[in-house]
Each structure stands twice: as C-alpha cells, then as structure tokens.
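Using our numbering, you'd call the opening residue of the sequence shown number 183 and step up by one each time. By construction, the Cβ of each residue, glycine as well, lies at the ideal position given by its N, Cα and C atoms. Beneath this line is the structure, given in structure tokens, with notes to follow.
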Amino acid sequence: MPDTPPTLPPGLFSARDHERLAPQHIAPETLAYIEGGSGQEQTLRANRRAFERLEIVPRLLQDVRHGHTRLTLLGHALAHPILLAPVAHQKLVHPLGEIETARAATATDTCLVASTLSSCPLEDIAQHAAQRWFQLYWQRDRDTTLTLVQRAERAGYSALVLTLDASVQTPSPRALHAGFRFPDHAHAANLRGLPGPTLRPLREHDSAAFQGAMATAPRWDDLAWLRTQTHLPLIVKGVLRVDDALRLREQGVDGIVASNHGGRALDGAPASLSQLPALRQALGPDFPLLLDSGIRSGHDAFKALALGAHAVLIGRLQVHALAVGGALGVAHLLRTLREELELCMAQAGCATLTDITPDLVQPSPC
Ligand SMILES: Cc1cc2nc3c(=O)[nH]c(=O)nc-3n(C[C@H](O)[C@H](O)[C@H](O)COP(=O)(O)O)c2cc1C
Numbered sequence: 183m184p185d186t187p188p189t190l191p192p193g194l195f196s197a198r199d200h201e202r203l204a205p206q207h208i209a210p211e212t213l214a215y216i217e218g219g220s221g222q223e224q225t226l227r228a229n230r231r232a233f234e235r236l237e238i239v240p241r242l243l244q245d246v247r248h249g250h251t252r253l254t255l256l257g258h259a260l261a262h263p264i265l266l267a268p269v270a271h272q273k274l275v276h277p278l279g280e281i282e283t284a285r286a287a288t289a290t291d292t293c294l295v296a297s298t299l300s301s302c303p304l305e306d307i308a309q310h311a312a313q314r315w316f317q318l319y320w321q322r323d324r325d326t327t328l329t330l331v332q333r334a335e336r337a338g339y340s341a342l343v344l345t346l347d348a349s350v351q352t353p354s355p356r357a358l359h360a361g362f363r364f365p366d367h368a369h370a371a372n373l374r375g376l377p378g379p380t381l382r383p384l385r386e387h388d389s390a391a392f393q394g395a396m397a398t399a400p401r402w403d404d405l406a407w408l409r410t411q412t413h414l415p416l417i418v419k420g421v422l423r424v425d426d427a428l429r430l431r432e433q434g435v436d437g438i439v440a441s442n443h444g445g446r447a448l449d450g451a452p453a454s455l456s457q458l459p460a461l462r463q464a465l466g467p468d469f470p471l472l473l474d475s476g477i478r479s480g481h482d483a484f485k486a487l488a489l490g491a492h493a494v495l496i497g498r499l500q501v502h503a504l505a506v507g508g509a510l511g512v513a514h515l516l517r518t519l520r521e522e523l524e525l526c527m528a529q530a531g532c533a534t535l536t537d538i539t540p541d542l543v544q545p546s547p548c
C-alpha cells in the first residue's frame, strides 16, 4: 500500500481554528500544561484582553498594489514578520516534535526560534530550518551555558534569544490539577550529557525561590560576560520595563522581545502589548523590538506592529497546529496568519509594514 499523503482535518479557515481543534488531538492533561498560565492566570487573560480592546481604524483610497510583508531584522531578510516563538518539549504533541515545526518554517519562509528545552537536539532542528535562531536558557554556570552557545553557533543559528523572565517557574495550577507529568520521550534533548543544576539542599529557613531556584539565575554581570562570548546578535526575551530595555541596549544587546512568556511566568505582570508603546518610544524607531504573548490572528499581529513591534512571535498556536496536522498543520497556520495580516493591511490601507503606524489603532470604547 502506498503511503497516503498527509492531510489536514476539515474546518481550518482561520489561524484560530487550530486552537479550536487542538483538544481533539491533545490529551487533556497535556493540553492543560500547554494552555495554562501561572497563578490565577491574570496575565494570561490580560494578554488577550489587550488585543481585544484595540480597534483598527482604516485609511481609505491607498494604493496597495505594490504591497508586501518583507522586512530586514538584525540584518536578516525576512519574508514576513511572524516568527515561531521558542516552545519546549514539542514531542508532547507530535512524535517528530520540532523537526515537523522546522519543516513548516522552511516551507513558509518563517524564522524559527528553537528552544533550549526542545525534545529534538538543536543540531537536528538546524538541518530542517532554513532561518533559525536559538533560544538560550541560562544553565547552572557560565561554562555549561557556553557549551550550548557554541553548539548553536556550530549548527548555524544566526541569533541568540536569551530568555530572562523564567528563571523561577512552577507548573501552572491548571497543569497540576489535570495531573500533568512530563513523559520521558519529550524531555530536553539538548541538556543530555550536560551537568544538571547544582542545587544545594535547602536549610531550615531557606526559601525555595531565593536560595533554591534563583541561586543559579543569571545577573547583570553574567549578561555582560555572555555578550563577550559570542558574535551572534543577542536578543533578550521577557522585557516589560523601559529601564531594563535601556540598560540591556547599553550592555550591547541587539534586540528585545516584549513578552510575559504567554502568561506563564510572573502572574500579575501586564500584557506585553500594553508595554509596547513605552518601550518603542524609549528605544527609538529603529531598535529591533519584537513582541509575543496573546497573538492569535494576523489582525493581532497588525495591532502589535502598529504599536511599535517590528515582528511578532507565536507560541501556543504553533503547538495547536503541530498537534492538528504536523508540519502541514504548522505550515497552514503560518500561511493563514500571513494571509490574515496581508488582508488586514490591505483593508487598513497599508502596502508595507512601515505604513502600519500607531494612528491606525485606538482603544475600544466598550
Ligand atoms: C508549551 C510552551 C512551552 C514554552 N517553552 C518556552 C521555552 O522553552 N523558552 C522560552 O523562551 N519560552 C517558552 N515559551 C513561551 C513562548 O516562547 C512565548 O513567549 C509564549 O508562548 C507567547 O504567548 P502565546 O502562547 O500566547 O503566543 C513556551 C510557551 C508554551 C505555551
């Protein structure tokens, strides 16, 4: 019998349809891990609310016949401003995990950010992703961290994305209540063979947060050291404050991702979209500034671009699409997001990304 070509389930008309269909393809406890936010999920809700409370006010009679979504970011030519955010443990939802996501990225001219905690080795992902950045989680010490950086360099990753908002992170209450546990096959392949955390046993009055998880977290001097260790562009993910953004730029960081980790880090943090205008104003028009957290459509991407992002990243939606249709699902998602963005641009009177200016959005009165 010949292999039947992969197909997509019916009913996929918008990017968000992947989210709607995901529960049919992901076990409930795994879905709880993917969907859940930290704490009371206040930040998770704030992310969506921030997009929903923004209206798009179109310009009429614009000539958009030369329209396109191309941009140059950190010296890289990108066909469109939608990137795949680093998402760990993708074998949770597909047996080939990140390899499928990478194939979809290449098929759709999308830049993929591979996670330190991917279930496939970063070298294997690199073979399938034409445009690739590596997301770095600080390890227990500088030497171990450098091992990952050098592996990423050797594998041809063209930027490093250092995530700083999740040094201490616990499973979401949603995942705990659903009884979620990591299966062995989804564990972090890149960390195999590396020395694990050296957490000393807590003493009687020690705190699990301060003396526990944060004991090996990076600090400003570690960032300065890291900057001297690589010639790759260094982007910091998880920035929500203007003072941090300015200090990061001063320390030689090349770009910033406004992000609250999709509501999975500090609960109570603001929506990253709400912080974007102040960050853009402080950093000036040209400093590379990206955003994630809460994007579910091309229209959401448009709103983020209008408020100052050069590009956006997609987290949960890519996991939904991977579960729904493997590489084909993720490629469909990315193509649909891009088409939604193009439609939104055309209807709003924008031929290029630079035409998407802040006056095109306003707070909704209701
Ligand atoms: C299941 C899951 C795993 C994630 N793993 C990582 C990771 O390994 N590294 C990282 O920097 N961010 C990680 N994130 C956060 C995403 O990169 C991104 O910031 C977030 O998902 C964006 O919000 P969204 O899901 O609403 O699009 C993860 C998010 C999810 C949902």
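Just the C-alpha distance for residue i and residue j, rounded to the nearest angstrom, thanks.
| i | j | result |
| --- | --- | --- |
| LEU515 | ALA308 | 21 Å |
| GLN272 | LYS485 | 28 Å |
| HIS443 | SER354 | 13 Å |
| ALA296 | ARG423 | 25 Å |
| ILE238 | LEU342 | 33 Å |
| ARG417 | ASP185 | The sequence as given places Ile at residue 417; Arg does not occur at that position. Between ILE417 and ASP185, the C-alpha separation is close to 42 Å. |
| PRO123 | GLN224 | With the chain covering only 183 through 548, there is no way to say anything about residue 123. |
| ARG247 | ARG241 | 15 Å |
| HIS367 | GLY375 | 16 Å |
| THR412 | PHE195 | 43 Å |
| PRO377 | LEU318 | 16 Å |
| TRP407 | THR327 | 11 Å |
| LEU265 | ARG517 | 12 Å |
| THR251 | GLU432 | 30 Å |
| ALA488 | HIS481 | 10 Å |
| TYR339 | ILE496 | 19 Å |
| LEU458 | GLU386 | 42 Å |
| ASP404 | GLY249 | 43 Å |
| ARG145 | GLU234 | This structure gives no information on residue 145, because the portion of the chain shown stretches from 183 to 548. |
| ALA447 | ASP306 | 28 Å |
| ALA395 | ILE208 | 30 Å |
| SER301 | PHE364 | 11 Å |
| LEU445 | ALA232 | Residue 445 is actually Gly in this sequence, not Leu. Rounded to whole angstroms, GLY445 to ALA232 spans 13 Å at the Cα level. |
| PHE392 | ALA533 | 50 Å |
| LEU471 | LEU519 | 20 Å |
| ALA197 | CYS548 | 25 Å |
| ALA464 | GLN206 | 44 Å |
| SER456 | SER546 | 14 Å |
With C-beta atoms as the reference, is residue i less than 7 Å away from residue j?
| i | j | result |
| --- | --- | --- |
| ALA360 | GLU211 | yes |
| LEU577 | ALA270 | Residue 577 lies beyond the residue range present for the chain, which begins at 183 and ends at 548; the question has no answer from this structure. |
| GLU522 | SER479 | yes |
| VAL439 | LYS419 | yes |
| ARG356 | ALA451 | no |
| ALA492 | LEU255 | Strictly speaking, residue 492 in this sequence is His, with Ala absent from that position. Yes, Cβ-Cβ distance for HIS492 and LEU255 is below 7 Å. |
| ALA267 | THR288 | no |
| ALA204 | ALA505 | yes |
| PRO188 | LEU510 | yes |
| LEU473 | VAL501 | no |
| ARG230 | GLY476 | yes |
| HIS258 | ILE281 | no |
| HIS200 | LEU525 | no |
| LEU542 | LEU253 | no |
| PHE362 | ALA334 | no |
| ASP449 | SER220 | yes |
| THR283 | VAL512 | yes |
| LEU304 | ASN372 | yes |
What residue range does the beta strand (DSSP E) around residue i cover?
| i | result |
| --- | --- |
| TRP160 | Look at the range of the chain in this structure, 183 to 548, and you will see that residue 160 is not part of it. |
| VAL295 | 294 to 296 |
| PRO545 | 543 to 545 |
| GLY437 | 437 to 440 |
| GLY420 | 416 to 421 |
| ALA486 | Segment 480 to 488 is the alpha helix (DSSP H) holding ALA486; no beta strand (DSSP E) there. |
| THR254 | 253 to 255 |
| LEU179 | Beyond the ends of the chain as shown, which are 183 and 548, falls residue 179; an answer cannot be given. |
| LEU266 | 264 to 266 |
Would you kindly report the start and end of the unbroken alpha helix (DSSP H) that includes residue i?
| i | result |
| --- | --- |
| PRO459 | 454 to 465 |
| ALA513 | 498 to 530 |
| ILE216 | 210 to 217 |
| ILE307 | 304 to 310 |
| GLU432 | 424 to 432 |
| ILE281 | 280 to 289 |
| GLU558 | Residue coverage of the chain in this structure runs from 183 to 548, which leaves residue 558 outside it and unanswerable. |
| ALA259 | Note, ALA259: premise wrong, no alpha helix (DSSP H); beta strand (DSSP E) at 258 to 260. |
| GLN411 | 402 to 411 |
| ASP199 | 199 to 203 |
Let me check you understand the geometry: is the CB of residue i closer than 6 Å to at least one non-hydrogen atom of ligand 3?
| i | result |
| --- | --- |
| GLN351 | By its list of ligands, the structure shown excludes ligand 3, since it contains just ligand 1. |
Within the chosen definition, does the segment 285 to 293 reach the segment 371 to 389 through at least 3 CB pairs nearer than 8 Å?
no
Would the segment 395 to 405 count as touching the segment 340 to 354 if we require 3 or more Cβ pairs under 8 Å? yes
| task | Within the segment 336 to 389, note down every full beta strand (DSSP E) run reaching 3 residues or more, in order along the chain. | result | 342 to 345
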